[in-house]
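One structure is given here, and the rest of the page talks about it.
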Amino acid sequence: MTVRKNQAKLTADEKRGFVNAVLELKRTGVYDRFVTAHNFFLKNDSDFGDRVGHRSPSFLPWHRRFLLDFEAELQKVDPKVSLPYWDWTEDRTARSSLWAPDFLGGTGRDRDGQVTDGPFAYAGGKWPVTVGVDQRPYLRRALGVAVPELPTKDEVKAVLALAEYDAAPWNSTSGGFRNHLEGWRGSGIHNRVHVWVGGQMASAASPNDPVFWLHHAFIDMLWAQWQIQHPKSPYLPGAATPNVVDLRRAMTPWNNVTPADLLDHRTFYTFDTEQANGTKR
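In the working numbering, each number is its position in the sequence shown, counted from 1, plus 2.
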């Protein structure tokens, strides 16, 4: 069983294995297929009749499947690799371990945002950005510039306390846990992290920055924790609802997987925080 670990607890070998697998997917073109898919669905998912992936109840199961697919590709390169998660309630500054030169590299330079250190720096020749909002071929970041602070433990605790998964009208104006975690209401949790990182992470082509996967692995972990805290609160909507992916409706682009298939993460992986009696933080 795959175990997803806090990036701050990865060994040097585990960091190297993850980075090397990501670079290999980039070299073979597999990586950019994921960037293209995310970019496309964030911009165009309303064209499919049902909103999928963002601003809708399927935000969490859609990204769980997206991460599972990416993790499977990493494991084709190196079976020992799993997706780490970034707990931004703990690792809150540009000096945190994930931004070190031996892992993801740091923030971008002032004049153009270009990341100049680490394995994903453009000068290294292994990370050309080919999918995105402009023609600049390099990874960009501006850590903590657009918003000064990442979400706090108290803000996350408040969202985890919401007892209802989602609510009508099932979009970015809804109440409930999903929309507050996604960040269209409340303190902006998921969305604020994208903006805090800046560069491509603040665009529809956010997977251009490998930190995307670590961020969403933590969002996925928070969903798992919410489920443990609210065992009687189901995925909603449970029955057919116009223009919304309900519990048993297939999600694009897979068309053979539903939210119901993805409710229990332990079918696929566990987190390093999990004990026999559940999950703790």
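Where a beta carbon is used, it is the ideal one built from N, C-alpha and C, also for glycine. This structure is a prediction, so every number in the text was calculated from the model and none was measured.
Check, Outcome
"Beta-carbon spacing of Asp168, Arg180 below 9 Å", "yes"
"Inter-residue Cα distance where the pair is Ala160 and Trp228", "11 Å"
"C-alpha distance - Leu2 paired with Gln202, whole-angstrom precision", "Here the chain comprises residues numbered 3 to 283, so residue 2 is not present and cannot be evaluated."
"Assigned secondary structure, Tyr237 (DSSP; H/G/I helix, E/B strand, else coil)", "coil"
"Contact under 9 Å by Cβ, Val133 with Ala207", "yes"
"Helix, strand or coil at Gln227 [DSSP, three-state]", "helix"
"Contact under 9 Å by Cβ, Phe270 with Thr13", "no"
"Supposed close pair Gly120, Gly108 - CB separation, criterion 8 Å", "7 Å"
"Beta strand (DSSP E) runs wholly inside the stretch 137-216, at least 3 long, in chain order", "none"
"Contacts around Met292, its chain only, beta-carbon distance under 7 Å, and the 5 residues preceding and following it disregarded", "Nothing about residue 292 can be reported from this structure: the residues present for the chain run from 3 to 283 only."
"Val195 classed as buried or exposed, judged by whether at least 16 other C-beta atoms fall within 10 angstroms", "buried"
"For Thr4, three-class secondary structure by DSSP", "strand"
"At least three beta-carbon pairs within less than 8 Å, the stretch 57-69 to the stretch 247-257", "yes"
"Own chain residues within Cβ distance below 6 Å of Asp263, not counting five before or after", "none"
"Candidates Val147, Arg143, Ser176, His232, of which the one nearest Asp211 by Cα", "Arg143"
"Contact set for Trp256: own chain, Cβ-Cβ below 8 Å, skip 5 residues either direction", "Arg67"
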